[in-house]
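Enquirer:
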Amino acid sequence: MFEAIRGSDYTGDIAIDDIQFTAYTSCAVNPADSVPPTTKPPTVQTTVSPPTQSPPGNYDCDFELNFCLWTQANDDQFDWRRGRGVTTSPATGPLTDHTLETNLGYYVYIEVTPQNDQDKARLEGPPFSGGEKCLRFWHHMYGQHIDSLNVYIKNGGNLGQARWTKSGGQIDDWFYGEVSLPVSSSNYQVVFEGVANGRDRGDIALDDISFIEEPCKLPTDWTTCGFESSDICGFAQDGTDDFDWHHVSKGTDSIGTGPDFDHTYGTAFGMYVYIETSSPRRPSDKSRLVSTQRSRATECWQFWFHMYGSNAGTLNVYVKDSSTLGFPVWMRSGDQGNQWFIAQVTVSPLAAYQLVFEGVVGVSFDSDIALDDLTVTQGACPQAGECNFENGFCTWTNLAQNDDFDWLIGQGKTPSGFSGPSTDHTLGTDAGTYVFLDSSANQQNDVGVLYSIQFDPTSSSSRCMNFWYHMYGSGVASLSIGLYVGPDPTAITRSLWILSGDQGNQWQFGAFSFKSSVTYKLAITAIQGTVGVGDIALDDITFSSGVCSISPSNAIGAPVTAAPSSALAGPTTPYVPSAWDCTFDQGFCTWTQATDDQFDWMRATGPTGTDLTGPHGDHTSGSGWYSYIETSSPRMPNDAARLESSIILADDGHCLRFWYHMYGTHVKILNVYTKIGVSLGDVVWVREGTNLNKWIYAEINLKPLSDFRIVFEGVRGTDNRGDIAIDDVTVKVGICLPPQGEYCDFELAGHDCGFTQDTADDFNWRQIAGTSGTSGTGPSVDHTLGTKYGGYYFTDASAPRKAGDKARLISETRQASTGSCAEFYYNMNGIDMGTLNVYVQPSGITGQKQLLWTLSGDQGDVWHTAQVTATYSSNFQIVWEGVIGTGSKGDIAIDDISVRDGACSPPGDCNFENGLCTWMNTANGDDFDWLSGQGVDAGKLTGPIDDHTRGDDQGYYMFIEMSNPRIPGDKAWLVSQNLQSPGVSGKCMEFWFHLYGSNMGTLSVYVDAGSGKVLLWQLYSDFGNSWVSAQLPITSLNTFVVYFEAVRGSNHLGDMAIDDITFATGSCSVQPPSADPNVGPTAPPVTARPTTARPIVTLTTPIPTQWNCNFEFDLCSWSQATDDEFDWTRAQGPTSTTSSGPINDHTKGTSAGYYMYTEASSPRLPGDKARFTSADIPSSPIKCVDFWFHMYGSNIDSLNLYVQTGGNLGSAQWSRQGTRSNSWIYGQYELVSTSTSKVGTVIFL
């Protein structure tokens, strides 16, 4: 009988649910403060099915029926409980057991409410004796107030020291644990001890305890190893070093060095490996531990290291190729404090390899170095510190000391229910995870700190930390990020970012820049405000090199100002203002329109008048003016507009700097000339085709022989989405000096950017502009300027060079690093082509090189991009080596070298957030380009509104736009860099695609390994308005490139998009299965692209001039019909009816622009029609009608488009009914008729 008694008023409803009875031996009263029953309920048969198999051992227990042979201790403060489903405390404990993985399965746990701090509950096993055994168990430790779980061996009533321990909150999951039990002639008991910390979010659970009658052993195919077994993870001592690593549990006898406990167990009984540096060891003695040989594959090695002692030496990690040790890929030197640190290394070998750990003795005995807990995963490691928390904390950790609570992994709503996020930021769903503090569990002013991995110095570049935060609730206190140096995590050296108070119920972007000349760590600190109404959450932490502005602007902390590290970042040296400087905010300054071109440059603020092209704002302030070319009607293909400076006197040279914007599927060319007299001369700088939807920086050294004018020339492409803009033009006397060591474009003759020639090679690289001098080889233009005036370095293969001769170009010295990314462009054009190699070598030592990258053979007269990650434990240099091939037609060229802190992304990987990475649109072979898309602009058609990486409208992806002048069968290629052979293991290429539209074309993936493109993946179906995962296997023993090919379908309703391309080592199946060209049907036929030239009309504006109209001045060639009930009205601003009609026109996007509309208020009646009719349109050639419409209001009827032939209106060819969003929407119809026609639009109200 359940009895419910009413309280003092009506606000006290009581509810019960899910009543169940199970067989048991005993159970605790839950919750603990409830009144217990006076009689024991009768025993009934359980409704839960028993396990299908008997337990494998007499001492094993899954707690499904009872406690088995395990009993409560009588010398503790409280007992373990047996439970299922959730525990009674919120936001702690498991949701399911481990055995059945349901809320019907049982486990045991400690309920820490209302226990005091350090109260203990012990569960004792049956007595054991005899040989060595392995204890296995699963544990769950989730909650902000988790204290610790310990395992003891109780002998003769004495617990002794803990054999295994774990402290602090983990992620909300079951984790495996094991402990080796010793040989014993006397009986002993295994004891599990759970410890409370005095708060209620600290439940700890156990399940599936088992024993095997042998030592704990590591599987041969291990991915995680804690050195607990005698085989030490398959590693072997190197017989060529000075001494051996030790495999121990209690460690060194030396004072002031070495760990007190291992990392795996956290006790003095856990095993690890270390170097003992006391006598007879001498300074600089080396000890190496070598792994078994591993197959060639990109892998991430993660390990924990301990380097404690005032004279600590060095720990190096090598990738040993065959018999060559090579150079360290990771290193750490000096005293790091008495604690274990996590580290990770990406291994991308060119052949099978062995990983080598080398400990180097310091100057005295107090320099022991230890290793523990190795983990190997396929693929490159994420950049240090980056984490989306989908698979745990990555390299971020909660420490057991120094704060009041732990950060938790959250999913869906937080326990407070009112102030945390309901979705994560990464996925944007309640299935995604983030980290948070639970304000309902802590006390005011409690502090929780999340600690980072140890980072390398930022060197000369700044570093930018980006992240997303959620701070919602009236009780939010503060979130801060600080930097500390040395072993003490409480000694914050510098505060970097602080934000306080309620920031609203949304994920918001945070960022800041900082520098550190030494290794450092970061600490993220959350302070609890009012209890229950102030959760703080974090997600998607990333890092990048260079300076970024502090975000949000009200955060406390100053951005670091430093020279940018790439050409996209802008000028790095100040300039004296000149007469030719112009921001275009007050006009064209001293710049004038040319008189020998076809149209003029314009000034604008905000977006241009055409969607999907042009900038959204100026570069100077975001709200000012810029200059651009408007490419819509009446412009024709190849029309040019030129903007000229006033005359500039020839002297020792000038530096031209400007920002340009070239985005749109019809963007053609932006040229810069130095005009002398009336002669334009040759182009000195050129950019062709669409780029990112961003402002991009450019600079040019100008040194004409006579007085000159600078000319910007914009050339119109095939259609109206080709607007090109410039802003913030500056001209200074003198040369543009590139930033030393960070970026070099070889434009300045005699300026080598710090590069030097190797004196031990056969010949030198040469700096040149124009062609290399030998026909059939070398580049025709440089990469920087794209003209014959641009400079680059090359190896001249003509006489007296002979096959095998080498030339080496050496970079300036860079500081020791665990990852610096060098990006460069290369041209390898010629039938006698040799080899280009890239090495890393210790600074100043030319005989010790480690190969990072190599490529051989003719690659065509194209500039290709490549990236290499250089790591070295001491100062190092990067070396470019050209090797002569079989003849004179083998010149090798390099250009635009940049080096930045941090490892490169794995080859081919790209999320398109900062450009195309190493992918590119091809200049030849296809018909149009892929575009970089973002948010609503691209999504106005059939493309996605949100990208896949970030899941919001601020992220970027690549897409193709299928409207006019595209015709069926047109194709666009997006091509990867040259990718190294994956060998016999193969690669799995993964990406996300978005195929949405009623007339989808074909999306295909080809691989070309030198013998032509091979189709590996293809789809041509509508997959709905969502991102879909794809993968395909690639096997090639040669270097290869990947092609994405998009083919236009029967009409424009079929845009395609891709995002988040990655490559992983190993094979995989084709996904979706229907994309497998060897299984699924072939792509449906599409009208082939004509082999003859298109009719000239398809190369002009979508509608010829006489039918085109933006209604800014009049009705153009359109007229009101006379056989309807009322007329269309030309208007600007809002209509006279509230809550209906547009506020702005579409052309200008302002209330000053004009549009046509139907006014539906009195005296209009239901069913009244207004028709608006074009002039006669010839039937040939085929035409496309493009227009924008606005249908918003509670009583909208319909908008129809007819094709009237010979006075017959016929049926509607296009129709929309009912209210839409309060915005302009794109419409399009392909006009096909056998006779002269009229197009009319008719509306019914």
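Heads up: the sequence shown runs through residues 639 to 1883, numbered per my numbering. We put the beta carbon where it would ideally sit given N, CA and C, even for glycine.
Let's test the definition: count the other Cβ atoms within 10 Å of the Cβ of S1005 and tell me whether it reaches 16, buried, or not, exposed.
Expert: Here residue 1005 refers to the residue found at position 367 when the sequence shown is read from its first residue. S1005 comes out buried.
Enquirer: Please state whether DSSP places S1755 in a helix, a strand or coil.
Expert: Reading the sequence shown from its first residue, position 1117 is the one you call residue 1755. Coil, per DSSP.
Enquirer: What are the boundary residues of the beta strand (DSSP E) that D755 is part of?
Expert: Numbered from its first residue, the sequence shown carries residue 755 at position 117. First-last of the beta strand (DSSP E) with D755: 755-762.
Enquirer: Using the C-alpha atoms, what's the distance from H1632 back to P1711?
Expert: Indexing the sequence shown from 1 puts residue 1711 at position 1073. Indexing the sequence shown from 1 puts residue 1632 at position 994. Those two C-alpha atoms are separated by around 16 Å.
Enquirer: Count the other CB atoms, across all protein chains shown, that sit within 10 Å of the CB of H778; report buried if there are 16 or more and exposed otherwise.
Expert: Start at 1 with the first residue of the sequence shown, and residue 778 comes out as number 140. Buried is the call here.
Enquirer: Please return the same chain residues whose Cβ sits closer than 7 Å to the Cβ of S1914, not counting the five positions on each side in sequence.
Expert: No answer is possible for residue 1914: it lies beyond the span of the chain, which begins at 639 and ends at 1883.
Enquirer: For a test of the three-state rule: what should DSSP assign to G815, helix, strand or coil?
Expert: Counting from 1 along the sequence shown, the entry for residue 815 is found at position 177. The answer is strand: DSSP assigns G815 an E or B state.
Enquirer: On the DSSP letters alone, give me the boundaries of the beta strand (DSSP E) that L1009 sits inside.
Expert: In the sequence shown, residue 1009 corresponds to position 371, counting from 1. Segment 1007-1016, the beta strand (DSSP E) holding L1009.
Enquirer: Assuming Q1615 and T1492 are in contact, meaning their beta carbons sit under 8 Å apart, how far apart are those beta carbons, in whole angstroms?
Expert: Walking along the sequence shown from the start, residue 1615 turns up at place 977. Walking along the sequence shown from the start, residue 1492 turns up at place 854. Going by Cβ atoms, the distance from Q1615 to T1492 rounds to 14 Å, so no, they are not a contact pair.
Enquirer: Rank T1509, D1564, D1565 by C-alpha distance to the C-alpha of G1540 and give the top, closest one.
Expert: On the sequence shown, residue 1540 is found 902 positions in, with the first residue counted as 1. For G1540, the nearest C-alpha among the options comes from T1509.
Enquirer: Should the segment 1022-1029 be regarded as contacting the segment 961-977, the criterion being three or more beta carbon pairs within less than 8 Å?
Expert: No, because fewer than three Cβ pairs between the segment 1022-1029 and the segment 961-977 fall closer than 8 Å, the two stretches do not touch.
Enquirer: Jot down the residue ranges of each uninterrupted beta strand (DSSP E) in the segment 1122-1191, minimum 3 residues, whole runs only, in chain order.
Expert: Here the runs fully enclosed are 1130-1138, 1146-1152, 1159-1165, 1173-1183.
Enquirer: Using DSSP bridges, identify the partner residues of C1822.
Expert: Within the sequence shown, the letter at position 1184 stands for residue 1822. Its beta-bridge partners are E1868.
Enquirer: Looking only at its chain, what residues have a beta carbon closer than 7 Å to the beta carbon of D1765, apart from the 5 residues adjacent to it on each side?
Expert: Start at 1 with the first residue of the sequence shown, and residue 1765 comes out as number 1127. Q1758, A1808.
Enquirer: To which residues of the same chain is P1780 closer than 6 Å at the C-beta, ignoring the five residues directly before and after it?
Expert: Position 1142 of the sequence shown, counted from the first residue, corresponds to residue 1780. The residues are H1828.
Enquirer: Count the C-beta pairs between the segment 940-951 and the segment 894-910 that are closer than 8 Å, then say yes if the count reaches three, no if not.
Expert: Judged by Cβ distances under 8 Å, the segment 940-951 makes contact with the segment 894-910, as three or more pairs qualify.
Enquirer: Among residues of its own chain, excluding the 5 on either side of Q931, which ones have a beta-carbon nearer than 6 Å to its beta-carbon?
Expert: Within the sequence shown, residue 931 is the residue found at index 293, counting from 1. Excluding positions up to five away in sequence, the list reads A990, Q992.
Enquirer: Assign R1732 to one of two classes, buried (16 or more other C-beta atoms within 10 Å of its C-beta) or exposed (fewer than that).
Expert: The residue given as residue 1732 occupies position 1094 in the sequence shown. Because the pLDDT at R1732 is just 27, under 50, the model does not fix this residue reliably, and the value given afterwards should be weighed accordingly. With fewer than 16 other Cβ atoms within 10 Å, it is exposed.
Enquirer: Taking C-alpha atoms, which residue in G1457, T1228, D1044, E1450 lies nearest to C1019?
Expert: Along the sequence shown, one-based indexing puts residue 1019 at 381. Of G1457, T1228, D1044, E1450, the residue nearest in Cα terms is G1457.
Enquirer: Under a three-way DSSP split, which group does I1285 fall into?
Expert: In the sequence shown, counting from the first residue as 1, residue 1285 sits at position 647. Looking at I1285 - three-state DSSP - the assignment turns out to be coil, as it is neither helix nor strand.
Enquirer: Cβ atoms of I870 and G997: under 7 Å apart, would you say?
Expert: If you number the sequence shown from 1, residue 997 lands on position 359. If you number the sequence shown from 1, residue 870 lands on position 232. No, Cβ-Cβ distance for G997 and I870 is not below 7 Å.
Enquirer: With distances taken from CA atoms, which of W1218, Y697, T1064, Y1264 is nearest F775?
Expert: For the purposes of this step, residue 775 is taken as the residue at position 137 of the sequence shown. Nearest option by C-alpha distance: Y697.
Enquirer: Relative to the alpha-carbon of L1447, which residue among Y1464, E1519, S1494 has its alpha-carbon at the smallest distance?
Expert: In the sequence shown, the residue the question calls residue 1447 occupies position 809. Among Y1464, E1519, S1494, the Cα nearest to that of L1447 is on E1519.
Enquirer: Nearest by alpha-carbon distance to S1410: which of D1238, A1531, G1525 is it?
Expert: Working through the sequence shown from its first residue, we reach residue 1410 at position 772. With distances taken between Cα atoms, S1410 lies closest to A1531.
Enquirer: Label L1753 either buried or exposed according to how many other C-beta atoms from any shown protein chain fall within 10 Å of its C-beta, with 16 as the threshold for buried.
Expert: Residue numbering aside, residue 1753 sits at position 1115 when the sequence shown is read from its first letter. Result: exposed.
Enquirer: According to the neighbour-count rule (16 or more other Cβ atoms, all chains shown, within 10 Å of its Cβ), is E739 buried or exposed?
Expert: Sequence index remark: in the sequence shown, residue 739 carries index 101 (1-based). Exposed, because fewer than 16 other Cβ atoms sit within 10 Å of the Cβ of E739.
Enquirer: Quick check on DSSP: helix, strand or coil for W1852?
Expert: On the sequence shown, residue 1852 is found 1214 positions in, with the first residue counted as 1. Here W1852 sits in strand by DSSP.
Enquirer: Determine, using beta carbons only, whether A1850 and Y1864 come nearer to each other than 7 Å.
Expert: Sequence index remark: in the sequence shown, residue 1850 carries index 1212 (1-based). Sequence index remark: in the sequence shown, residue 1864 carries index 1226 (1-based). No, Cβ-Cβ distance for A1850 and Y1864 is not below 7 Å.
Enquirer: Tell me the residue span of the beta strand (DSSP E) that contains V1841.
Expert: Taking the first residue of the sequence shown as 1, we reach residue 1841 at position 1203. Note, V1841: beta strand (DSSP E), 1836-1842.
Enquirer: Please list, in chain order, all residues of the same chain as H901 whose beta carbon is under 6 Å from its beta carbon, the five residues on each side excluded.
Expert: Walking along the sequence shown from the start, residue 901 turns up at place 263. So the qualifying residues of the chain are W942, W978, D1010, D1011.
Enquirer: Quick check: the segment 917-932 against the segment 834-852, are there 3 or more CB pairs under 8 Å?
Expert: The answer is no - the segment 834-852 does not touch the segment 917-932, with fewer than three Cβ pairs under 8 Å.
Enquirer: Hey, could you find the ends of the beta strand (DSSP E) I791 is sitting in?
Expert: Translated into positions along the sequence shown, residue 791 becomes position 153. Per DSSP, I791 belongs to the beta strand (DSSP E) from 786-792.
Enquirer: Give the DSSP-derived three-state secondary structure of S1817 in the structure shown.
Expert: Taking the sequence shown and counting its residues from 1, one reaches residue 1817 at position 1179. Looking at S1817 - three-state DSSP - the assignment turns out to be coil, as it is neither helix nor strand.
Enquirer: Measuring straight from C-alpha to C-alpha, what distance separates C1102 and Y1793?
Expert: Translated into positions along the sequence shown, residue 1102 becomes position 464. Translated into positions along the sequence shown, residue 1793 becomes position 1155. For C1102 and Y1793, the distance between alpha carbons rounds to 46 Å.
Enquirer: Please classify T861 as buried or exposed, where buried requires at least 16 neighbouring CB atoms within 10 angstroms.
Expert: Taking the first residue of the sequence shown as position 1, residue 861 is located at position 223. Per the 10 Å Cβ criterion, exposed.
Enquirer: Verify whether the separation of the beta carbon atoms of P1253 and H1299 is less than 7 Å.
Expert: Counting from 1 along the sequence shown, the entry for residue 1253 is found at position 615. Counting from 1 along the sequence shown, the entry for residue 1299 is found at position 661. A contact, by the Cβ cut-off of 7 Å.
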